[in-house]
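Chains as they are written, first to last, in the numbering used here: chain A, 1 to 196; chain B, 1 to 368.
For glycine and all other residues, C-beta sits at the position ideal for the given N, C-alpha and C.
Please read all numbers here as calculations on a predicted model, not as lab measurements.
So the structure is just underneath, and the comments pick up after that.
Encoded structure:
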């Protein structure tokens with residue numbers, strides 16, 4: 001079993017065994033396969049790239065080619081125990097609507113995203129006056145799929161505005177967890193478990 | 001005529017009359033079929049492949065009339081995606097067909113061919129006959145049911161009406177509901193056959209005349225719908241056929257004209273015009289939602305099978321949107337479903353042609 005990406009490891013660790021799970025933007029199905037094999041979950045996925053979907057099918061996973069912005073509306077209410085959106089929120093056209101859909105489809109939702117307010121990003125912008133290209137944001141502004149950069153504080157504000165409850169949150173710097181204190185400055189990456 | 005030949009191959013006479021959706025019953029019913037690969041002692045490795053409109057049971061073996069390779073030999077065989085070293089593959093000719101299963105050319109009670117006295121059948125009737133065949137073969141559960149185009153519709157009908165029969169369904173370039181455009185093209189084909197004076201109200205058997213011209217035109221028109229503009233342009237463009245300049249006449253000046261004429265003429269050697277009428281009728285009647293009070297998701301309520309749906313980006317006959325509608329219904333029914341739209345240049349025919357990504361999906365889906 002290959003090691004999961006750090007944010008996926010956090011999610012995998014906190015999904016209740018035997019759950020029904022939808023991973024939106026599931027890539028090649030790394031997390032779904034782990035949830036099936038290690039936690040006996042009933043995993044489903046949505047992924048935009050056909051090549052990735054083919055990889056998922058080859059792993060025996062149930063994955064639908066689709067677009068988080070357009071295709072979540074077709075899932076019935078509360079049809080999953082967890083809806084997962086890892087590293088995808090910032091690539092959607094309307095992150096707020098996608099968030100609403102997540103909480104409609106899943107009883108609870110995991111959302112992970114890179115924190116645009118990490119000190120290295122801030123420093124890079126302050127120092128160079130150019131859009132940062134960092135380890136977690138490795139692509140230049142004109143070709144990045146990340147069209148809605150956000151910070152941990154932005155996300156928390158949106159949750160408050162929409163009346164969404166934070167059940168738990170984890171903050172990562174590299175492969176290590178960091179404390180919630182000054183997370184918006186110190187964390188490269190955040191994982192939230194949220195519900196209505 | 002294909003219909004009057006004695007065909008090599010296996011067939012089974014069903015022990016009971018076959019009830020039809022029209023309310024009638026068909027008897028006796030012969031189902032012609034072929035198998036590939038050994039049936040495992042536990043009988044758990046059977047894969048039923050449903051054929052498309054003009055296909056037949058010779059899915060992976062030489063066609064007895066044309067001498068050409070089986071229509072899906074690139075997919076089915078030893079070491080291939082549907083691996084006959086592992087699976088026992090069964091493919092049966094649909095009822096209404098003309099390759100050995102009971103159809104309009106078969107004798108009715110009076111010993112004369114049915115012709116237009118053959119009852120109108122549905123996709124579900126075709127499946128019912130094959131389910132009866134499986135029972136006769138002692139197979140009560142399939143590892144997988146597989147079909148492209150009309151074959152996919154049969155597989156869907158199986159999933160909806162015999163949900164306990166298969167663990168996996170692979171549905172390629174198909175739909176749960178024939179759309180208006182498809183119904184329209186098929187009506188053109190049928191009218192072409194029926195406008196041919198040699199059709200004689202369908203009673204042409206034994207007269208020495210058959211609606212070959214009508215059937216060939218039907219095939220030509222349909223063949224265009226199986227391709228894409230890009231593939232036609234790439235393969236033929238405006239190139240002329242064996243000549244340097246236009247003839248200023250109505251010969252097949254263009255390569256595409258010659259190609260279509262060839263497709264039409266070679267088709268009549270292996271297909272019966274009345275079968276074409278009956279099978280396209282069955283397709284145009286196909287609407288799985290209608291069979292379930294208009295809610296497609298209800299067709300799959302409680303299913304435990306795994307589904308894999310594949311469409312192609314250049315298929316304008318069974319466009320991706322129709323596959324998506326099916327997939328959303330399956331999701332809503334809580335089914336384990338995968339869906340992928342593959343990129344391939346060949347239009348609807350992509351499912352029969354060299355698309356390595358399809359091989360990968362089929363191999364992967366059947367591995368689990």
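Shortest alpha-carbon distance to residue 142 of chain B belongs to which of B:119, B:126, B:159 and B:129? Nearest of B:119, B:126, B:159 and B:129 to residue 142 of chain B, Cα basis: B:159.
If you follow the alpha helix (DSSP H) that residue 124 of chain B is in, where does it begin and where does it stop? Note, residue 124 of chain B: alpha helix (DSSP H), 123-136.
Just mark residue 339 of chain B as buried or exposed, buried being the case when its beta carbon has 16 or more other beta carbons within 10 Å. buried
Who are the neighbours of residue 306 of chain B on chain A, taking C-beta pairs under 9 Å? 60 and 62
Residue 239 of chain B (DSSP reduced to helix, strand or coil): In the three-state scheme derived from DSSP, where H, G and I count as helix and E and B as strand, residue 239 of chain B is classed as coil.
If you run the structure through DSSP and keep just helix, strand and coil, what is residue 148 of chain A? In the structure shown, residue 148 of chain A sits in coil (DSSP, three-state: anything other than H, G, I, E or B).
Within-8 Å CB hit, residue 65 of chain A to chain B: yes
Residue 80 of chain A CB to nearest chain B CB: under 8 Å? Not an interface residue.
Residues of chain A with a CB under 7 Å from the CB of residue 339 of chain B: which are they? 64 and 65
Whose C-alpha, out of B:73, B:162, B:210 and B:43, is nearest the C-alpha of residue 55 of chain B? B:73
Residue 34 of chain B (DSSP reduced to helix, strand or coil): strand
Looking only at DSSP bridge pairs, what is residue 86 of chain A linked to? A:112
Going by alpha carbons, who is nearest to residue 94 of chain A out of A:113, A:74 and A:69? A:69
Is the segment 32-43 of chain B touching the segment 250-261 of chain B, taking contact as three or more C-beta pairs under 8 Å? no
Name, going along the chain, the residues of the segment 149-168 of chain A whose beta-carbon falls closer than 7 Å to a beta-carbon of chain B. Of all residues in the segment 149-168 of chain A, none has a Cβ within less than 7 Å of some Cβ in chain B.
Pull up the DSSP beta-bridge partners for residue 340 of chain B, would you. B:310
Following the continuous alpha helix (DSSP H) through residue 275 of chain B, name the residue where it begins and the one where it ends. 273-285
What number of angstroms, rounded off, separates the C-alpha of residue 114 of chain B from the C-alpha of residue 137 of chain B? 27 Å
Please report how far the alpha carbon of residue 398 of chain B lies from the alpha carbon of residue 144 of chain B, in whole angstroms. The requested residue 398 of chain B is not part of the displayed model; chain B covers only 1 to 368.
Report all residues from its chain with a CB closer than 6 Å to the CB of residue 53 of chain B; omit the five preceding and five following residues, and keep chain order. 150 and 279
Is the beta carbon of residue 173 of chain B closer than 8 Å to that of residue 312 of chain B? yes
Under the rule that 16 or more other beta-carbon atoms within 10 Å means buried, what is residue 47 of chain A, buried or exposed? buried
Does residue 364 of chain B come within less than 8 Å of chain A when only Cβ atoms are used? yes
Just verifying my parser: in three-state terms, what is the DSSP assignment at residue 42 of chain A? strand
What does the alpha-carbon distance come out to for the pair residue 30 of chain B and residue 301 of chain B? For residue 30 of chain B and residue 301 of chain B, the distance between alpha carbons rounds to 32 Å.
Rounding to the nearest angstrom, what Cα-Cα distance links residue 27 of chain A and residue 245 of chain B in this structure? 54 Å
Below 7 Å CB to CB, which residues in the same chain sit around residue 197 of chain B once its five sequence neighbours on both sides are set aside? none
Could you check the C-alpha separation between residue 103 of chain B and residue 118 of chain B for me, to the nearest Å? 7 Å
Please determine if the segment 180-195 of chain B and the segment 155-169 of chain B are in contact, where contact requires at least 3 C-beta pairs separated by less than 8 Å. no
Between the CA atoms of residue 271 of chain B and residue 66 of chain B - distance to the nearest angstrom: 11 Å
Can you grab the Cα-Cα spacing for the pair residue 12 of chain B / residue 224 of chain B, in whole Å? 35 Å
Just to confirm before moving on: does the CB-CB distance between residue 85 of chain B and residue 178 of chain B stay below 8 Å? no
C-beta neighbour in chain B for residue 109 of chain A, strict 8 Å: no
Using a Cβ-Cβ cut-off of less than 7 Å, list which residues of the segment 223-248 of chain B approach chain A; keep chain order. Against chain A - using a Cβ distance shorter than 7 Å - the segment 223-248 of chain B contributes no residues.
Going by C-alpha distance, which of A:15, A:135, A:143 and A:166 is nearest residue 91 of chain A? A:143
If we count the other Cβ atoms within 10 Å of its Cβ and call it buried at 16 or more, is residue 37 of chain A buried or exposed? exposed
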